[in-house]
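*Asks:*
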Amino acid sequence: MTDTTHQDKQAGQDDAGSNPADAFLGHDETLRHAPGPYFGAYGGRWMPESLIAALDELQETFEKAKADPEFTAQVADLNRNYAGRPSLLTEAKRFAEHAGGARIFLKREDLNHTGSHKINNVLGQALLAKRMGKTRVIAETGAGQHGVASATAAALLGLECVVYMGAEDCRRQALNVARMQLLGAEVVPVTNGSQTLKDAINDALRDWVANVDTTHYLLGTAAGAHPFPAMVRYFHEVIGEESREQILEQAGRLPDAVVACVGGGSNAIGIFHGFLDDRSVQLYGFEAGGDGVESGRHAATITLGRPGVLHGARSYLMQDEDGQTMESHSISAGLDYPGVGPEHAYLSDIGRAHYEPITDAEAMEAFQLLCRTEGIIPAIETAHALAGAMKVGRRLTADLAPGEVPSDRIIVVSLSGRGDKDVATAAEYFDLLPDDSAEQEIAQEGEQL
Amino acid sequence: MKTSQTGTSQAGAGYSKAAAAIDRARREGRAALIGYLPAGFPDVQTTIDAGIAMARNGMDLIEIGIPYSDPVMDGRVIQDATVEALNNGFTVSQVFDVVEGITRETDAAVLVMTYWNPVMRLGVREFAGRLAAAGGAGLITPDLIPDEAAEWLEASEEFGLDRVFLVAPSTSPERMQRTVAASRGFVYAVSVMGVTGARTSVGAAARAVVDAAHAAGAERACVGLGVSTAGQVAEIAAYADGVIVGTALVAALRDGGVPAVAALTKELSTGTGKKSA
Ligand SMILES: Cc1ncc(COP(=O)(O)O)c(C=O)c1O
């Protein structure tokens, strides 16, 4: 039933250290600013005709805005004076001891307003919505992070906001539902299909078809139909640009590796982008391995999926042999998606970036470690990147040349979000709650405080 | 009973089963009636029986939907039916059994309506070959636009299958030209900006879409989305070449089984009207 292998994958995946992308592209050919609609064989517009005019309008508005100094100044101003950018780059010296002794630097997207990288994208898209004269934005959300960010941007810019969220997620994330409502958004519980994030996207698309004149669909990750993957990446490129500048300043050179977690792929593509043309920098994306990829309960889309179309783009996809989308599983709601952005599918195929699964257990170990060694509680999504950084650090320091020391190896980690939302899940996982306490009851429901 | 042979033996270059069915209605001075049901709801044999009942009660073309996990163009009634079909164990290759079961017994042109991923997963050429072998007329593709359809254009030519793309009130004149040119059989004019589901009135936009399609060179434009009564059929039959009914038939099958589908088909067919010659 489950596809556990896919033949479409090309060689070069495990060839860390060399630059297989050079076999596909000239050494000085740039990978940056890929405009879409296609990223190699991926991307495109697998969408109902009814929505093509809206996608065209969005693309045109976006292209014009990028070239308009007034727009770029508006984005820069909101980033600095509202979101709190630039975010810090923090060296994690005690955590690094668990990563083979390589130097680890954390790109602190957790310090942004609303607590994650998501704000970069919602501010940009909400501004575009205003430019198009739309008065209403709709969004999908899993645990509620993108929903909260969207509600925030809508409140700031005076837009009506409706968030689609799986009915089960609404129940488990009652406090994030309340957050969105406090911010003035309407939250619609989705009872269709599997009642998860992918079904929330389906319902948002149905809303969009019916209300496209007044409404912008504020998609939360670098996936979907063109221009979404390239546009969402554009608003997150600031992560990589700042990181590159900051690491050069603090370490005096480029890192050996950049790592990030991958749900749909927005924080990862944002930080990767700054280093795409630095072929000496290895790029690693860590997907949700759930209970383990052999268990079938995971969200390791690139690792185990095969190409298909979902939500408007051709990309890797968790699907059964009939082409039906499979349900994904992860302890982290933000990574629990059976698709992935098309640019990642391309970067994987050409070997420029490498994608590996991290299990729930590995992620939770890294989660706890960061709390205790650095005084930073990360989002559980982010904990997948941290677990990946530990693996990459050990690998990089395993084959040092004579005279080299582990601290000669440098890794930059996208710390995509803070873990306040995950405290109840973590407390339950680590059995920190007294029996029959109110908190335990909440945590067993999966509530995120 | 089959009264004429419309099998693949006649499917020479350019022969379109869907066009032939619409033209047959046109010669009778009326619009064609097109009915949708999802395969495997509640089981494969019922879909075949309901398809045959539709054909024998006045349906000129039949659309068989492939139940899919992420039907973004469908409203609640069809979503619920397709979820039930999947829960009952429907698999994609059974759609060929349904097509064959209906075409063996009737003259109706049978099209498959499908989201694109199941076709891609089986392989576009493989899918096309099996559909043609089952006696199918072609595909209606709600989430495939001609821009992404290179493989399908090739396979449909090879197997003489119809390509029914959608056009909508939001379709630009330039896209209308391209979509009409890429279509084969007919173009599917979406009556409103929205998803499937019965509506009390079919928007005025529908007529504008049909007019634009005709102006762009479409010989046959059929209207779907929201049509559920004979009155609405009559209204649309006045300007369109065919009228497509989905949700109402699915609800009839759900509530009253095959006899209810037969009765609703008969009732709807009173609306296709004699256009004054
Ligand atoms: C903190 C955090 N990191 C990562 C993600 C995953 O999304 P993406 O892959 O688009 O960055 C999410 C999604 O909710 C998130 O909240």
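So the protein sequences, as listed, match chains A and B. Okay, so the first sequence: first residue is 25 according to our numbering, each after it adds one. Okay, so the second sequence: first residue is 14 according to our numbering, each after it adds one. Even for Gly, the Cβ is constructed at its ideal location relative to N, Cα and C.
#1: Is it buried or exposed, H240(A), if we count other Cβ atoms within 10 angstroms and call 16 or more buried?
#2: How should R338(A) be labelled, buried or exposed, when 16 other C-beta atoms within 10 angstroms of its C-beta is the threshold for buried?
#3: Sorry if obvious, but does the Cβ on N130(B) come closer than 7 Å to a heavy atom of ligand 1?
#4: Are A219(B) and V193(B) close, meaning C-beta to C-beta below 8 Å?
#5: Does the Cβ of G276(A) have 16 or more other Cβ atoms within 10 Å, making it buried, or fewer, making it exposed?
#6: Can you give the Cα-Cα distance for A292(A) and L135(B), rounded to whole angstroms?
#7: Could you check where the beta strand (DSSP E) with D175(B) kicks off and where it finishes?
#8: Measuring alpha carbon to alpha carbon, tell me which residue in H122(A), H322(A), Q348(A) and R433(A) is nearest V286(A).
#9: Starting from P272(B), find everything on chain A with Cβ-Cβ shorter than 7 Å and list it in chain order.
#10: Look at the alpha carbon of D227(A) and the alpha carbon of H122(A), and state the distance between them as a whole number of angstroms.
#11: Measuring only the C-alpha atoms, how far is S17(B) from A150(B)?
#12: Pull up the DSSP beta-bridge partners for Q306(A), would you.
#13: Should D92(A) go down as buried or exposed, given a rule of 16 or more other Cβ atoms within 10 Å for buried?
#14: Identify the continuous beta strand (DSSP E) that holds G412(A) and give its terminal residues.
#15: Using DSSP with H/G/I as helix, E/B as strand and the rest coil, what is T96(A)?
#16: Alpha carbon to alpha carbon, how far is A209(A) from V203(B)?
#17: Going by DSSP, which residues form a beta bridge with I162(A)?
#18: Do you know offhand how far Q348(A)'s Cα is from V108(B)'s?
#19: So which residues of chain B does H96(A) contact, with C-beta pairs closer than 8 Å?
#20: Exposed or buried, what is L152(B) when buried is set at 16 or more other beta-carbons lying within 10 Å of its beta-carbon?
#21: Name the one or two DSSP bridge partners that I128(A) has.
#22: Are there 16 or more other CB atoms within 10 angstroms of the CB of R117(B), so buried, or fewer, so exposed?
#23: Considering only the beta carbon of each residue, do V85(B) and R160(A) sit closer than 8 Å?
#24: Give me whichever residues DSSP pairs with R442(A) in a beta bridge.
#25: With a 10 Å radius around its C-beta and 16 neighbouring C-beta atoms as the bar for buried, classify Q197(A) as buried or exposed.
#26: Could you check the C-alpha separation between N144(A) and A126(A) for me, to the nearest Å?
#27: Using a C-beta to C-beta distance shorter than 7 Å, which residues of chain A count as neighbours of G207(B)?
#28: Going by CA-CA distance only, name the one from L371(A), T176(A), E164(A) and A409(A) that's closest to E386(A).
#29: Starting from R69(B), trace the beta strand (DSSP E) both ways and give me its first and last residue.
#30: On a CA-only basis, which of Q83(A), Y370(A), G264(A) and A357(A) is nearest T406(A)? Give me that one, please.
#31: Quick one: what's got a C-beta closer than 8 Å to Y28(B)'s C-beta in the same chain, skipping five residues either side?
#32: For P131(B), I'd like the list of residues in its chain whose CB is within less than 7 Å of its CB, leaving aside the five on either flank, ordered along the chain.
#33: Under 8 Å between the Cβ atoms of A246(A) and G298(A)?
#34: Between the Cα of R233(B) and those of A98(B), T285(B), Y49(B) and V256(B), spot the shortest distance and give me the residue it belongs to.
#35: Which residues in the same chain have their Cβ closer than 7 Å to the Cβ of V274(B), if we skip the five residues on either side of it in sequence?
#36: Taking any Cβ of chain A, which residues in the stretch 127-159 of chain B have a Cβ under 8 Å from it, in chain order?
*Replies:* Taking the definition as stated:
#1: Here residue 240(A) refers to the residue found at position 216 of the first sequence. Under the 10 Å beta carbon count, H240(A) is surrounded by 16 or more other beta carbons and is classified as buried.
#2: If you number the first sequence from 1, residue 338(A) lands on position 314. With 16 or more other Cβ atoms within 10 Å, it is buried.
#3: Taking the first residue of the second sequence as position 1, residue 130(B) is located at position 117. Result no, Cβ not under 7 Å from ligand 1.
#4: Translated into the one-based positions of the second sequence, residue 219(B) becomes position 206. Translated into the one-based positions of the second sequence, residue 193(B) becomes position 180. It is not a contact, given that the beta carbons lie outside the stated cut-off.
#5: On the first sequence, residue 276(A) is found 252 positions in, with the first residue counted as 1. Exposed, because fewer than 16 other Cβ atoms sit within 10 Å of the Cβ of G276(A).
#6: The sequence position of residue 292(A) within the first sequence is 268, counting from 1. The sequence position of residue 135(B) within the second sequence is 122, counting from 1. Cα to Cα, A292(A) sits roughly 32 Å from L135(B).
#7: If you number the second sequence from 1, residue 175(B) lands on position 162. Segment D175 to V177, the beta strand (DSSP E) holding D175(B).
#8: Start at 1 with the first residue of the first sequence, and residue 286(A) comes out as number 262. Taking V286(A) as reference, the option from H122(A), H322(A), Q348(A) and R433(A) with the minimal CA-CA separation is H322(A).
#9: Here residue 272(B) corresponds to residue number 259 of the second sequence, with the count starting at 1. In chain A, no part has a C-beta under 7 Å from the C-beta of P272(B); the shortest such distance is about 29 Å.
#10: Mapped onto the first sequence, residue 227(A) falls at position 203. Mapped onto the first sequence, residue 122(A) falls at position 98. Cα to Cα, D227(A) sits roughly 43 Å from H122(A).
#11: Position 4 of the second sequence, counting from 1, holds the residue named residue 17(B). Position 137 of the second sequence, counting from 1, holds the residue named residue 150(B). Low per-residue confidence applies at S17(B): pLDDT is 43, beneath 50, and the placement is therefore not dependable enough to give any value.
#12: For the purposes of this step, residue 306(A) is taken as the residue at position 282 of the first sequence. According to DSSP, which records beta bridges pairwise, Q306(A) is partnered with A281(A).
#13: In the first sequence, residue 92(A) corresponds to position 68, counting from 1. By the neighbour-count rule (16 or more Cβ atoms within 10 Å), D92(A) is not buried but exposed.
#14: If you number the first sequence from 1, residue 412(A) lands on position 388. Following the DSSP letters along the chain, one finds G412(A) in no beta strand (DSSP E) but inside the alpha helix (DSSP H) bounded by residues I404 to L420.
#15: Position 72 of the first sequence holds residue 96(A). Correct three-state label for T96(A): helix.
#16: Working through the first sequence from its first residue, we reach residue 209(A) at position 185. Working through the second sequence from its first residue, we reach residue 203(B) at position 190. Rounded to the nearest angstrom, the two C-alpha atoms are 31 Å apart.
#17: The count along the first sequence starts at 1 and reaches residue 162(A) at position 138. DSSP output for I162(A) lists V186(A) and Y241(A) as bridge partner(s).
#18: One-based indexing of the first sequence puts residue 348(A) at position 324. One-based indexing of the second sequence puts residue 108(B) at position 95. Cα to Cα, Q348(A) sits roughly 15 Å from V108(B).
#19: Sequence index remark: in the first sequence, residue 96(A) carries index 72 (1-based). A quick correction: the sequence has Thr, not His, at residue 96(A). What T96(A) touches in chain B: nothing, since even the nearest Cβ is about 29 Å away.
#20: Along the second sequence, read from residue 1 onward, the residue named residue 152(B) stands at position 139. Looking at its Cβ environment, which holds 16 or more other Cβ atoms inside 10 Å, L152(B) is buried.
#21: Walking along the first sequence from the start, residue 128(A) turns up at place 104. Paired residue(s): I435(A).
#22: For the purposes of this step, residue 117(B) is identified with residue 104 of the second sequence, where counting begins at 1. By the neighbour-count criterion, in which a residue is buried when 16 or more other Cβ atoms sit within 10 angstroms of its Cβ, R117(B) is exposed.
#23: Counting from 1 along the second sequence, the entry for residue 85(B) is found at position 72. Counting from 1 along the first sequence, the entry for residue 160(A) is found at position 136. Contact annotation: V85(B) and R160(A) have beta-carbon atoms that are not nearer than 8 Å.
#24: For the purposes of this step, residue 442(A) is taken as residue 418 along the first sequence, with counting starting at 1. Beta-bridge partners assigned by DSSP to R442(A): P402(A).
#25: Along the first sequence, read from residue 1 onward, the residue named residue 197(A) stands at position 173. If you draw a 10 Å sphere on the C-beta of Q197(A), you find 16 or more other C-beta atoms in it, and that means buried.
#26: For the purposes of this step, residue 144(A) is taken as the residue at position 120 of the first sequence. For the purposes of this step, residue 126(A) is taken as the residue at position 102 of the first sequence. Roughly 29 Å separates the two Cα atoms.
#27: Residue numbering aside, residue 207(B) sits at position 194 when the second sequence is read from its first letter. Residues of chain A whose Cβ lies closer than 7 Å to the Cβ of G207(B) are, in chain order, V233 and A234.
#28: Taking the first residue of the first sequence as position 1, residue 386(A) is located at position 362. Nearest of L371(A), T176(A), E164(A) and A409(A) to E386(A), Cα basis: A409(A).
#29: Residue mapping note: residue 69(B) aligns to position 56 of the second sequence, counting from 1. Element bounds for R69(B): not the beta strand (DSSP E) but the alpha helix (DSSP H), V57 to R69.
#30: Here residue 406(A) refers to the residue found at position 382 when the first sequence is read from its first residue. Of the candidates Q83(A), Y370(A), G264(A) and A357(A), the one whose C-alpha sits nearest the C-alpha of T406(A) is A357(A).
#31: If you number the second sequence from 1, residue 28(B) lands on position 15. Leaving aside the five residues that flank Y28(B) on each side, the residues in its chain whose CB is nearer than 8 Å to its CB run, in chain order, G173.
#32: For the purposes of this step, residue 131(B) is taken as residue 118 along the second sequence, with counting starting at 1. Non-local beta-carbon contacts of P131(B) in its own chain, meaning distances under 7 Å to residues more than five positions away in sequence, involve I79, Y81 and V105 in chain order.
#33: Here the question's residue 246(A) lines up with position 222 in the first sequence. Here the question's residue 298(A) lines up with position 274 in the first sequence. No, Cβ-Cβ distance for A246(A) and G298(A) is not below 8 Å.
#34: Within the second sequence, residue 233(B) is the residue found at index 220, counting from 1. The alpha carbon of R233(B) has as its nearest neighbour, out of A98(B), T285(B), Y49(B) and V256(B), the alpha carbon of V256(B).
#35: Taking the second sequence and counting its residues from 1, one reaches residue 274(B) at position 261. If we look at V274(B) and ignore the five residues flanking it on each side, its Cβ neighbours are A63, A66, M67, L262, A265 and L266.
#36: Residues of the stretch 127-159 of chain B with a C-beta less than 8 Å from any C-beta of chain A: W129, N130, P131, V132, M133, R134, L135, P155, D156, L157 and I158, listed in chain order.
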